[in-house]
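J.:
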Amino acid sequence: MAAFEYQALDGQHTARGVIQADNARAARAQLRERGLIPLDIQQVETQSKREFSLRSQGRERALVLRQLATLLRAGLTLEEVLGILVEQTDASAQRRQLGAIRSRVMEGQSLSSAMAEHPALFPALYSASVAAGERAGQIDRVLARLADYAEQREETARGVSLALIYPALLAIIAVGVVWGLIGFVVPRVAGVFETAGQELPDLTLSLLAISGLISNHGLWLLLGLIGAGFGLLLLWRSPGPRLAIDRRLLALPVIGRLTRARQTASFTRTLAILTNSAVPLVEALKVAARVVENHQVQADLERAAGQVREGQSLSASLHSAAWLPPMARRLIAGGERSGELAPMLEHAADIQERELQSATTVMLAVLQPALILAVGLMVLYIVLAIMLPILNMSQLLS
Numbered sequence: 009m010a011a012f013e014y015q016a017l018d019g020q021h022t023a024r025g026v027i028q029a030d031n032a033r034a035a036r037a038q039l040r041e042r043g044l045i046p047l048d049i050q051q052v053e054t055q056s057k058r059e060f061s062l063r064s065q066g067r068e069r070a071l072v073l074r075q076l077a078t079l080l081r082a083g084l085t086l087e088e089v090l091g092i093l094v095e096q097t098d099a100s101a102q103r104r105q106l107g108a109i110r111s112r113v114m115e116g117q118s119l120s121s122a123m124a125e126h127p128a129l130f131p132a133l134y135s136a137s138v139a140a141g142e143r144a145g146q147i148d149r150v151l152a153r154l155a156d157y158a159e160q161r162e163e164t165a166r167g168v169s170l171a172l173i174y175p176a177l178l179a180i181i182a183v184g185v186v187w188g189l190i191g192f193v194v195p196r197v198a199g200v201f202e203t204a205g206q207e208l209p210d211l212t213l214s215l216l217a218i219s220g221l222i223s224n225h226g227l228w229l230l231l232g233l234i235g236a237g238f239g240l241l242l243l244w245r246s247p248g249p250r251l252a253i254d255r256r257l258l259a260l261p262v263i264g265r266l267t268r269a270r271q272t273a274s275f276t277r278t279l280a281i282l283t284n285s286a287v288p289l290v291e292a293l294k295v296a297a298r299v300v301e302n303h304q305v306q307a308d309l310e311r312a313a314g315q316v317r318e319g320q321s322l323s324a325s326l327h328s329a330a331w332l333p334p335m336a337r338r339l340i341a342g343g344e345r346s347g348e349l350a351p352m353l354e355h356a357a358d359i360q361e362r363e364l365q366s367a368t369t370v371m372l373a374v375l376q377p378a379l380i381l382a383v384g385l386m387v388l389y390i391v392l393a394i395m396l397p398i399l400n401m402s403q404l405l406s
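Just so you know, the sequence shown maps onto residues 9 to 406 in my numbering.
1. Nearest-angstrom Cα distance between Ser-111 and Arg-245?
2. Looking only at DSSP bridge pairs, what is Ile-234 linked to?
3. Is Asp-30 helix, strand or coil when you go by DSSP?
4. Is it right to say Ser-169 is buried, meaning 16 or more other beta carbons lie within 10 angstroms of its own, or is it exposed?
5. Would you please state the rounded distance, in angstroms, between the beta carbons of Ile-222 and Leu-229? I believe it to be under 8 Å.
6. For Ile-109, count neighbouring C-beta atoms within 10 Å of its own C-beta (all shown protein chains included) and say buried if the count is 16 or more, exposed if not.
7. Could you have a look at Gln-146 and say whether DSSP puts it in helix, strand or coil?
8. Would you mind working out which of Asp-148, Ala-70, Ile-263, Ile-359 sits nearest Ser-285, comparing C-alpha positions?
9. For Leu-260, which residues in the same chain have their Cβ closer than 8 Å to its Cβ, ignoring the five residues on either side in sequence?
10. Using 8 Å as the Cβ pair cut-off and three pairs as the minimum, do the stretch 286-298 and the stretch 129-142 touch?
11. Just to confirm my understanding: we take Thr-276, look at its own chain, exclude 5 residues before and 5 after, and list those with CB closer than 7 Å. What are they?
12. Across which residues does DSSP place Pro-397 in a beta bridge pair?
13. Taking DSSP as the reference, what is the three-state secondary structure of Phe-130?
14. Using 7 Å as the limit for Cβ to Cβ distance, is Met-123 near chain D?
15. Can you list, in chain order, the residues of its chain with a C-beta nearer than 7 Å to that of Arg-1? Leave out the 5 residues immediately preceding and following it.
16. Take Tyr-157 as the anchor and find which of Leu-282, Gly-343, Val-387 has the nearest alpha-carbon.
17. In angstroms, rounded to a whole number, what distance separates the CA positions of Trp-187 and Pro-209?
18. With distances taken from CA atoms, which of Arg-250, Arg-103, Phe-12 is nearest Gln-51?
19. Work out the CA separation of Ala-152 and Val-94 for me, nearest whole Å.
20. Is the beta carbon of Ser-120 sitting closer than 7 Å to the one on Glu-142?
21. Do Asp-308 and Ala-280 have their C-beta atoms closer together than 7 Å?
22. Residues bridged to Gln-50 by DSSP?
23. If you compare alpha carbons, which of Ser-402, Ala-378, Ala-393, Leu-399 is closest to Ala-176?
24. In angstroms with no decimal places, state the Cα-to-Cα distance between Gln-102 and Ala-16.
25. Specify, as a first and last residue, the run of the alpha helix (DSSP H) that Ser-120 falls within.
26. Work out the CA separation of Leu-392 and Ile-340 for me, nearest whole Å.
27. On the criterion of 16 or more Cβ atoms from any shown chain inside 10 Å, does Ala-144 qualify as buried, or is it exposed?
28. Less than 7 Å between the C-beta atoms of Ala-34 and Glu-159, yes or no?
29. So which of Gly-107, Val-305, Glu-68, Val-287 has the shortest CA-CA distance to Ala-29?
30. Determine the DSSP secondary structure at Thr-203, reduced to helix, strand or coil.
31. From the DSSP output, in three-state form, read off Thr-22 for me.
32. Express the C-alpha separation of Leu-90 and Leu-227 in angstroms, rounding to a whole number.
33. Between the C-alpha atoms of Gly-191 and Leu-216, what's the straight-line distance to the nearest angstrom?
34. Decide if Thr-278 is buried, meaning its Cβ has at least 16 other Cβ atoms within 10 Å, or exposed.
35. Can you determine whether any heavy atom of the ligand GDP sits closer than 6 Å to the C-beta of Pro-209, and answer yes or no?
36. Can you give me the Cβ contacts of Leu-396 inside the same chain, cut-off strictly under 7 Å, excluding the 5 residues immediately before and after it?
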């Protein structure tokens with residue numbers, strides 16, 4: 009069976025939804041049996057291009073997981089729960105994905121394998137945890153734990169985004185004001201100076217040179233910046249350069265602290281969820297390597313997975329991971345000795361998330377006055393460059 013998104017007439021109203029059928033003709037027949045007049049039938053793709061728009065919809069993912077856990081705990085079958093979610097979902101892209109998952113489950117696939125076909129909606133962490141929950145017969149508990157995790161991540165991401173709004177707006181306004189002053193105001197003032205024929209200070213000459221460059225070649229400068237941005241993006245997506253960049257990021261003073269805290273929190277939280285769900289440690293490390301974003305951290309975790317497979321302990325396999333804080337190392341080693349690895353990983357994740365929040369707060373507290381100071385210095389430079397010749401001219405006239 010496949011999933012089809014339909015649009016049909018229900019009397020004088022238009023109905024939309026998802027239906028399971030062998031093909032489009034069978035889907036239309038089912039709609040007619042319901043008394044509907046089919047207008048449009050579109051098969052739900054397993055990996056739709058629209059799926060990538062779900063990457064930023066952590067709130068919807070958390071809501072779906074919470075509803076799955078609650079309804080399954082209430083005694084409904086998995087097919088019934090997925091059908092309810094499909095019918096009540098407003099977002100068409102999400103409805104497509106849930107409809108496709110329900111179709112696979114009705115064909116006999118497990119929920120975890122159906123979720124794995126939609127990694128943008130349910131990344132590897134979710135499908136691997138659900139698979140472990142299916143084996144242990146505790147899928148509702150695993151889904152509830154995943155819902156907590158998704159809600160926490162969404163709350164953290166939303167807090168950071170809101171905190172960055174003011175600095176971003178300030179930076180955009182500053183660039184616009186300075187560009188306008190140098191590109192439009194300064195050239196008009198320069199005409200007055202040329203008419204006066206006086207010798208200009210070096211500060212004014214430098215400003216006029218910058219203004220002339222922007223006025224005469226502003227379009228080419230803009231295109232050059234755009235081209236440089238695309239070049240950096242391509243470099244960022246290349247495995248070799250990306251690994252070198254990520255390694256360097258981990259070593260930077262301020263950004264490195266943020267990066268290390270973020271990657272450690274993501275790694276330990278992911279591993280805690282997976283080990284709590286009874287996922288084997290080697291498989292959990294491989295999933296964690298796909299969850300973290302830094303390529304150097306990914307390489308270290310993949311190497312650790314190989315060493316654990318060969319019989320080493322987790323703490324020993326992470327000995328060469330320079331980004332892992334000493335506190336996290338001690339907690340992991342203690343958890344292995346006591347047989348309480350998952351709680352120790354959760355404790356390490358809590359510590360690193362607090363460290364990340366603290367570092368982010370400090371960075372934003374420094375960034376805002378730094379931006380204001382930078383804007384003030386640029387405006388001061390422009391004002392001084394314009395006023396110095398005027399003051400000199402006034403002295404000559406007096």
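All residues carry an ideal CB built from backbone N, CA and C; glycine is no exception.
Bear in mind that the values here come from a model prediction, so they are computed numbers and not experimental data.
T.: According to the data block:
1. 35 Å
2. DSSP lists no partner for Ile-234.
3. coil
4. exposed
5. 7 Å
6. buried
7. coil
8. Asp-148
9. Thr-267
10. yes
11. Ala-336, Leu-353, Ala-356, Ala-357, Gln-360
12. For Pro-397, which the question treats as bridged, DSSP gives no partner whatsoever.
13. coil
14. No chain D appears in this structure, which consists of one protein chain only.
15. Outside the shown range of the chain (9 to 406) lies residue 1, about which nothing can therefore be said.
16. Leu-282
17. 22 Å
18. Phe-12
19. 19 Å
20. yes
21. no
22. Glu-13
23. Ala-378
24. 19 Å
25. 119-124
26. 59 Å
27. exposed
28. no
29. Gly-107
30. helix
31. strand
32. 53 Å
33. 10 Å
34. buried
35. Because no ligand of any kind appears in the structure shown, any question about the ligand GDP cannot be addressed here.
36. Pro-209, Leu-211, Thr-212
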